[in-house]
Amino acid sequence: MVMRISENMKFNTIVNNMFKSQDSYNKLSEKIGTMKKINRPSDDPIGMNKVLNLRESRASIKQYTRNIEGSESWLTITESRLTHAGNLLVKAREVAAAQSTATATVETRNFEADTMQQIMEELLVIANSKYGGRYLFSGTKTQEVPFSSSVTLAAETGVAVAADGNTFDGVAASGGDYTGSANKTYVVKIIDGGAIGAATYQISSEGGKADSWSATSIVPANGEIFLGDGMDMTFTAGSTDLATNDIFYVNAKTPGNYDGNDGELSIGIGEGTSFAYSISGEAAFTNKGGGNVDIFNILNKLKLALENNEPDVIASCIDDIEASSDQITKNISSCGTRMNRLEIAKSNLIDLDYNLAELISDTEDADMSEIITKLAMKETALQATYATASKIGSLTILDFLR
Amino acid sequence: MSGISALNIAKDALLSHQTAINLVGTNIANANTPGYTRQRPVFNTLNPSVEVGKIERVYDKFLEVQINEQMHNMGYSEARKDELDSIEMIFNEADGGGINELLNKFWSAWEDLSANPSGQAEKQALVSISQSLTSIFHSYSNEIRSIQDNVNTQIPFLVDQINNYASDITDINARISEYENNGTKDTGLNSLKDQRENFLSELAGIVDFHYIENSNGSISVFLSNGMPLVEGDQVWELDVVTKNHTSNPSFYDVVFKDDSNKEVINSIVTNGKLAGLLEIRDNGAEGYLTRLNNLASSIVNEINAKHKLGYDMNQNLGEDFFDATKIEAGNIEVSQAILSDINKIAASGTVNGDGDNASMIGAIKDELLMDDGHSTINNYHASIVGRIGQDVADANRNFDRHTNLASQLTNKRDGISGVSIDEEMMNLVRFQTGYNAAAKFFSATDELVDTLMSLVR
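Protein chains in written order, with the numbering used here: chain A, 14 to 415; chain B, 3 to 459.
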């Protein structure tokens, strides 16, 4: 049977075709305008999801790269400070070598004692250098001046400090003699608040790090708890009881002039990869925490020997000063090694970033040549539709009925 | 056979062809009337003469049912498409910006703080990024809510429309059954039926139903579960109530006006625009909001938990970074304590003021916390966007498909019921010829009678 064609059909078909052609033409020109094939999530939901995740990865990489650049500056400054320290030690060795000989006199030695005093002062300035408001060599206690000019001979148990926000208003006092081998911060955290004799607490010997807490114990009735390494802390009741999350801490120091700690500053340089970028002042300048020679002590010994005119002692300092130089050199090379590692990590990140950028582009960017070809095709189709539309109605039986 | 009866034949032929020519006129006049069904005369031999026995509407009843079915689908998918398009605009992060970018900045701000834990600038930056993050959550949530409200306000209007169409159909039912009782044959009945088809098809765009034609020519319309909306000349109106809607007390529910229990019948509206709007309001938008809330509450809980493990500038243990009582996208807030004193940010992992805790918090971005340990916070957000994109793409595809089907079916109906000018012209020629012949016959018969009469004189 022949299909009847009604007037509405003719017009509707033409109009529908025009709309369809225009719609796909517009979609293509939008893509050309934005140069993107994903202009809204529904254009390619899976692609959009992928792009968002890739963008997150790129943002992480950007941050890691920034972290690396920050660490690199820190290490560059550290290296130059240590190099300067090494130069001072070379000077000190020259003084020791010259003044240990028979040609030196009391006057030259007295004169060089002053030189040594200046060298020591300069070294102290170097060891107390700051970068970006933080001390380079104080471990993780970056706001604490790492080296003092006075040397303490005995270990020190610091004063017990109660954190600002504590509820407890009684007295916490530290006691005992510190027997540990490195500078540490002991933290007491109240777990369940209550009166002395009822409250419970935990102790951390690592400054209160999340995974360093001891088992929970009850504060004894006499208020005295043992921190470990020979130290204790005693609570004396005030008007308010100990409360949950009250924090008390004690800085314990080994003999010497180092006030920092043996912690290392670290930063994320990749997913799950943290990188320690600081050089501990303890390892660089003292005989603890990985160091072998207490450099300030040696220099002081040399200075005293010069003042007291003791050639034998001066001569014995030469080896020690060489050992000091070695220690500084070792730390300088450690800076270099770390910078190499950062450099490698950074170039990996740059490669990865490039790959990710390419992946994002593949997913969301439009293939212009393809789209322009398609657009040309749609244009032809649209023109044909218009041509047909203009003919409609011009051919009817009315023209032939007279 | 007498000459007089021949005159009668001529009269019937003339009248019948006149009717047919009038119908051609009616058809041409209505060639562009939407929903008009063409009519044609049915000539019956009335031995030995002729009559137009009835004026037939040329239509396919089953096609009407199919078209109504497509109208349900179109109404449903168009409502969904329109509303989802608006939701997609909220979540359109194709050009960057949005939650994804702010989350990335948020994590970076923690990393920056970890590199300089005592830095006031870093803390200030972290707080302002956090505030931007919370405010973008608010605006996403508010915009979804306002789309829901928008959809909600359309519902009483649609219910009104349903009632209007239903009562229009009832009116027409009454008039049609009158015609059928009287047995009147004219184009009036057909035009009433056309009107009723139109109303049914409009109604079909709003709500799904099926209908049956009764013996008196009226129809009864039933909702999907068989509850009647129209029974002959009786209409059962719908109404909206705001009662204990699970997600929002201001949301309208559909009920029957005469139902004293006001039993909610949202679930029996399964297709058409009304169903589409109900679906978007109660599942679509609500679902996205739930996911956004999950995201917000995970961020609050995870960051707070880690933040409490660290120490602030004054060696106190960290408190909540985000207000722990506000865990929805609509109200997530940085805690007042942090806002009034940025030194309460617990960046340090020890009382010594390092940046380890900030770095731990920054690393939350890589933890598989969402979807039962299968995705990170950022992944989860990307999957919300992906899901919306998928829903919109599906809705667009459905809409296109149903539109195409509907226009094919409409075309098919036009093929059967629509007016073709060419055809009408041919009919005009045919009926005109018939009319001319009948007139010629009349004058021939007249002459015969004259001749006969002159014999008598």
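Where a beta carbon is used, it is the ideal one built from N, C-alpha and C, also for glycine.
Taking just the CA atoms, how far does Y199(A) sit from L240(A)?
-> Along the first sequence, one-based indexing puts residue 240(A) at 227. Along the first sequence, one-based indexing puts residue 199(A) at 186. Cα to Cα, the separation comes out at about 7 Å.
Short check: CB of D339(A) to CB of G302(A), under 7 Å?
-> Here residue 339(A) refers to the residue found at position 326 of the first sequence. Here residue 302(A) refers to the residue found at position 289 of the first sequence. Cβ atoms of D339(A) and G302(A): not closer than 7 Å.
Which class does S329(A) belong to by DSSP, given the choice of helix, strand or coil?
-> As a working note, residue 329(A) is residue 316 in the first sequence. Reduced to three states, the DSSP call for S329(A) is helix.
Answer with buried or exposed for K202(A), where buried requires no fewer than 16 other C-beta atoms within 10 angstroms of its C-beta.
-> Here residue 202(A) refers to the residue found at position 189 when the first sequence is read from its first residue. Buried: at least 16 other Cβ atoms inside 10 Å.
What residues in the stretch 400-413 of chain A have a beta carbon less than 8 Å from any beta carbon of chain B?
-> T409, I410 and L411
Sub-7 Å separation of T170(A) and G189(A) beta-carbons = Position 157 of the first sequence, counted from the first residue, corresponds to residue 170(A). Position 176 of the first sequence, counted from the first residue, corresponds to residue 189(A). Taking 7 Å as the Cβ cut-off, T170(A) and G189(A) qualify as a contacting pair.
Measure the C-alpha to C-alpha separation of L276(B) and A206(B) and round it to an integer number of angstroms.
-> Locating residue 276(B) in the second sequence gives position 274, counting from the first residue. Locating residue 206(B) in the second sequence gives position 204, counting from the first residue. Distance between the alpha carbons of L276(B) and A206(B): 10 Å.
Kindly list, in the order they appear in chain B, the residues whose Cβ is closer than 7 Å to that of K222(A).
-> Reading the first sequence from its first residue, position 209 is the one you call residue 222(A). Chain B residues near K222(A): G351 and T352.
Classify P119(B) as buried or exposed, calling it buried when 16 or more other Cβ atoms lie within 10 Å of its own Cβ.
-> Numbered from its first residue, the second sequence carries residue 119(B) at position 117. That one is buried.
Who pairs with E169(A) in a beta bridge, going by DSSP?
-> Taking the first residue of the first sequence as position 1, residue 169(A) is located at position 156. Per DSSP, K266(A).
Test: R17(A) CB closer than 7 Å to a CB of chain B | Looking up residue 17(A) in the first sequence gives position 4. R17(A) counts as touching chain B.
Residue span of the alpha helix (DSSP H) that contains P58(A), given as start and end = Position 45 of the first sequence, counted from the start, is the residue given in the question as residue 58(A). Run containing P58(A): P58 to Q112, per the alpha helix (DSSP H) assignment.
Within chain B, partners of Q35(A) - CB distance below 7 Å = Reading the first sequence from its first residue, position 22 is the one you call residue 35(A). None at all; the shortest Cβ gap to chain B is about 15 Å.
Between the Cα of I386(B) and the Cα atoms of D356(B), D325(B), T327(B) and Y290(B), which residue gives the shortest distance?
-> As a first step, residue 386(B) must be located in the second sequence, where it is residue number 384. Out of D356(B), D325(B), T327(B) and Y290(B), Y290(B) has the C-alpha closest to the C-alpha of I386(B).
In whole angstroms, what is the alpha-carbon distance linking H97(A) and A289(A)?
-> Taking the first sequence and counting its residues from 1, one reaches residue 97(A) at position 84. Taking the first sequence and counting its residues from 1, one reaches residue 289(A) at position 276. Roughly 23 Å between the two C-alpha positions.
Does the count of Cβ pairs from the stretch 394-407 of chain A and the stretch 68-84 of chain A closer than 8 Å reach three?
-> no
Chain B contact for A176(A) (CB, 7 Å cutoff) | Mapped onto the first sequence, residue 176(A) falls at position 163. For A176(A), the answer is yes, since a Cβ of chain B falls inside 7 Å of its Cβ.
Kindly indicate if chain B contains any beta-carbon less than 7 Å away from that of Q76(A).
-> Within the first sequence, numbered from 1, the residue matching residue 76(A) stands at position 63. Judged by the 7 Å Cβ criterion, Q76(A) is in contact with chain B.
Proximity to G50(B) [Cα-Cα], best of D84(B), K13(B), T35(B) and I23(B) = Within the second sequence, residue 50(B) is the residue found at index 48, counting from 1. For the sequence presented, residue 50(B) should be read as Pro rather than Gly. For P50(B), the closest of D84(B), K13(B), T35(B) and I23(B) by C-alpha to C-alpha distance is K13(B).
Through-space distance from D325(A) to A110(A), alpha-carbon basis | Looking up residue 110(A) in the first sequence gives position 97. Looking up residue 325(A) in the first sequence gives position 312. Looking at the two C-alpha atoms, the distance is approximately 11 Å.
For the alpha helix (DSSP H) holding E145(B), just list the boundary residues, first then last.
-> The residue given as residue 145(B) occupies position 143 in the second sequence. From DSSP, the alpha helix (DSSP H) with E145(B) extends over Q122 to N184.
Using 7 Å as the limit for Cβ to Cβ distance, is S427(B) near chain A?
-> One-based indexing of the second sequence puts residue 427(B) at position 425. A small fix is needed here, since residue 427(B) is Met in this sequence, not Ser. So yes, M427(B) belongs to the interface.
Let me know the secondary structure DSSP gives K49(A) once reduced to three states.
-> What you label residue 49(A) is simply residue 36 of the first sequence in a count that begins at 1. If DSSP states are grouped into helix, strand and coil, K49(A) belongs with the strands.
Mind pulling the alpha helix (DSSP H) runs of 4 or more residues that sit fully within the stretch 295-380 of chain A?
-> 308-320 and 324-377
Using DSSP with H/G/I as helix, E/B as strand and the rest coil, what is S51(B)?
-> Here residue 51(B) refers to the residue found at position 49 of the second sequence. In this structure, S51(B) counts as strand in the three-state DSSP scheme.
Leaving aside the five residues before and after T192(A) along the sequence, list all residues of the same chain whose C-beta is less than 6 Å from its C-beta, in chain order.
-> Translated into the one-based positions of the first sequence, residue 192(A) becomes position 179. Around T192(A): D242 and G243.
Pick out whichever of I51(A), I292(A), S407(A) and I132(A) has its Cα sitting closest to the Cα of S374(A).
-> As a first step, residue 374(A) is located in the first sequence; it is residue number 361 there, counting from the start. Sorting I51(A), I292(A), S407(A) and I132(A) by C-alpha distance to the C-alpha of S374(A) places I51(A) at the top.
Are there 16 or more other CB atoms within 10 angstroms of the CB of F401(B), so buried, or fewer, so exposed?
-> Counted from its first residue, the second sequence places residue 401(B) at position 399. When all chains shown are included, F401(B) counts as buried.
Pick from Q20(B), L9(B), E288(B) and H309(B) that is closest to Q434(B), judged by C-alpha positions | The residue labelled residue 434(B) in the question sits at position 432 within the second sequence. Out of Q20(B), L9(B), E288(B) and H309(B), Q20(B) has the C-alpha closest to the C-alpha of Q434(B).
Counting contacts by CB-CB distance shorter than 7 Å, is D322(B) in contact with chain A?
-> The count along the second sequence starts at 1 and reaches residue 322(B) at position 320. No, its Cβ sits nowhere closer than 7 Å to a Cβ of chain A.
Please report how far the alpha carbon of I208(B) lies from the alpha carbon of I157(B), in whole angstroms.
-> For this step, residue 208(B) is matched to residue 206 along the second sequence. For this step, residue 157(B) is matched to residue 155 along the second sequence. When rounded, the separation of the alpha-carbon atoms in I208(B) and I157(B) is 10 Å.
Could you tell me the distance, in whole angstroms, from the CA atom of L41(A) to the CA atom of E330(B)?
-> Indexing the first sequence from 1 puts residue 41(A) at position 28. Indexing the second sequence from 1 puts residue 330(B) at position 328. Computed Cα separation, rounded: 39 Å.
Can you grab the Cα-Cα spacing for the pair I267(B) / G320(B), in whole Å?
-> Reading the second sequence from its first residue, position 265 is the one you call residue 267(B). Reading the second sequence from its first residue, position 318 is the one you call residue 320(B). So the two alpha carbons sit approximately 52 Å from each other.
Do you know offhand how far S194(A)'s Cα is from T286(A)'s?
-> Taking the first residue of the first sequence as 1, we reach residue 194(A) at position 181. Taking the first residue of the first sequence as 1, we reach residue 286(A) at position 273. The straight-line gap from Cα to Cα measures roughly 29 Å.
From G269(A) to T165(A), what does the alpha carbon distance come to, in whole angstroms?
-> Position 256 of the first sequence, counted from the first residue, corresponds to residue 269(A). Position 152 of the first sequence, counted from the first residue, corresponds to residue 165(A). Each residue's Cα considered, the two are about 5 Å apart.
N-terminal and C-terminal residue of the alpha helix (DSSP H) that D127(A) is part of | Position 114 of the first sequence, counted from the first residue, corresponds to residue 127(A). Residues V119 to A140.
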